[in-house]
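Report on the following structure.
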Amino acid sequence: MKGLQLLATGGALPGRVVTNEDLSRQVDTSDEWIMTRTGIRQRYYCTESEDAATLAIAAARQALARSGLAASEIACCVAATLSAPTATPSVACRVQAALGLPENRPAFDVNAACSGFIYAIAAAHGLLNTLGGRYALVIGCEALSRMVDPTDRTTCVLFGDG
């Protein structure tokens, strides 16, 4: 997408660390089996007080601070997630409210799994070109630990939250 530039990043991980050893106690697997196939040693799961929205807010807050921009300069907010804690308000609307982004600007979620962040960038780019404005806040966040079958060895070893 011509003319786009990444200004700043932010990140957030939930509080619960789940190791391969932890998973080996719930399914027929081992650290070696998981490492050989995925390269993953540990993943993070949300605690009771965390979800995709709380992680998105923390990451967005960090990115906004690192960018040096004021909240009023953000023309739109797009969140890529398939694990929003509620249908409404969307994760993007929760971020918009928590960070004090202008309420008269678009804020919505894109649900497209692994490719969602690319679609979110494309949507934000289109909005900037259509509505004007220079800056968009684009977020990728998931809380898949609550959606994955913990007894399915082929998937429970892959997904975490963040």
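Counted the way the working numbering counts, the sequence shown spans residues 82 to 243. Quick reminder that beta carbons are idealized off the backbone N, C-alpha and C, glycines included. Since the structure is predicted, the reported quantities are computational estimates derived from the model, not experimental observations.
Item, Value
"CB contact flag (L94, Y125, <8 Å)", "yes"
"C-beta neighbour in chain D for I115, strict 8 Å", "The chain inventory of the structure shown lacks chain D, comprising one protein chain alone."
"Three or more C-beta pairs below 8 Å linking the region 143-154 and the region 114-121", "no"
"Cβ distance (whole Å) where V108 is taken to contact V159 below 8 Å", "Rounded, the Cβ-Cβ distance is 35 Å, inconsistent with contact."
"C-beta atoms of S171 and A179 nearer than 8 Å", "no"
"C-alpha distance - A193 paired with I199, whole-angstrom precision", "9 Å"
"Per-residue DSSP class, three states only, for V238", "coil"
"Bridge partners - D190, DSSP secondary structure assignment", "A160"
"Cβ neighbour criterion (16 or more within 10 Å) applied to G213", "exposed"
"Cβ-based burial, V98 [other Cβ within 10 Å; buried from 16]", "exposed"
"Coarse secondary structure for I121, derived from DSSP in three states", "coil"
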